[in-house]
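Report on one structure; see the data block that follows.
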Amino acid sequence: MKPVLPLVAGMMLAALSSLPAQAGLFSSSEVDAEKQAVQLARETVNGEYQLLTVQELKQWMDEKKPLLIVDTMPFADSYKKQHIPGAVNMAFPMSDMNVWDKATMGATTQADFLRLLGTDKARTLVFYCGFVKCARSHNAALWAKKLGYQHVYRLPGGITAWKEAGYPLEKGGTAAPTGTAQSDAAKGATCTQGC
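Just so we're aligned: the sequence shown equals residues -23 to -1, 1 to 172 in mature numbering (1 follows the signal peptide of the UniProt record, and there is no 0).
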């Protein structure tokens, strides 16, 4: 009877050590998750905006809540290939953007951003990028708050969480205009699919 205990213990140890790293045992995945969570919390506090889940955004869209959804990823590499239905595009950098200048935003000016967002500072704005670790949506939300918009949300899981939830996607579209009149979505038109 006694020889069975070491055999069972050995089999359990072998089974536990063969679990995938995603199980969180004997791996650094929890350290990575903690690092991302703390970074997201710090960005949110610094930006003074709110967070939103993909389920909450989908509910708002289904309820036809008036809002503007902004995809902050590069047009050709991302937005044109797939985006949340009704989203408009204006790319932001991945690194922290404390100053708005040509080095960070190229030809896109604050005036272009204001035209995209519209004049209603109480309008609900939702910014997203690729995934939690991506700071593009943080930069856009931060600047919307700096420019006086009151109801600013960041969708931290971005397009990746949206796809994983099985929600619909759109393809195509046009790049955000610079130095031109604003689109209907930017003017504050009531959207049927989230704008």
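Note that beta-carbon positions come from the ideal geometry of N, C-alpha and C, so glycine has one too.
(1) Tell me the start and end of each unbroken beta strand (DSSP E) in the segment 5 to 39 that is at least 3 residues and wholly inside, in chain order.
(2) Y130 bridges to which residues according to DSSP?
(3) Between the C-alpha atoms of E7 and T96, what's the straight-line distance to the nearest angstrom?
(4) Does DSSP classify L46 as helix, strand or coil?
(5) Give every residue of the same chain whose Cβ lies closer than 7 Å to the Cβ of A138, excluding the five residues on either side of it in the sequence, and list them in chain order.
(6) A152 by DSSP, collapsed to three states: which one?
(7) Taking the continuous alpha helix (DSSP H) assigned at G116, which residues delimit it?
(8) Only counting the same chain, and skipping five residues up and downstream in sequence, which positions put a Cβ closer than 6 Å to that of A152?
(9) Should A99 go down as buried or exposed, given a rule of 16 or more other Cβ atoms within 10 Å for buried?
(10) Could you compute how far the alpha carbon of I125 sits from the alpha carbon of D73?
(11) Y56: which of A84, C106, V15, W77 sits nearest, CA to CA?
(12) Roughly how many angstroms lie between the CA atoms of F69 and K12, to the nearest whole one?
From the atom records:
(1) none
(2) DSSP, once it has assigned bridges, lists Q27, V103 as partnering Y130.
(3) 43 Å
(4) Before going on, a small fix: residue 46 reads as Ile here, not Leu. I46 falls in the strand class under three-state DSSP.
(5) V31
(6) coil
(7) The residue you asked about is not Gly; residue 116 is Asn in the sequence shown. Counting along the chain, N116 sits inside the alpha helix (DSSP H) bounded by residues 113 to 123.
(8) F52
(9) exposed
(10) Sequence inspection shows Gly at residue 125; the Ile mentioned does not correspond to that position. Their Cα atoms are separated by approximately 19 Å.
(11) C106
(12) C-alpha of F69 to C-alpha of K12: approximately 23 Å in a straight line.
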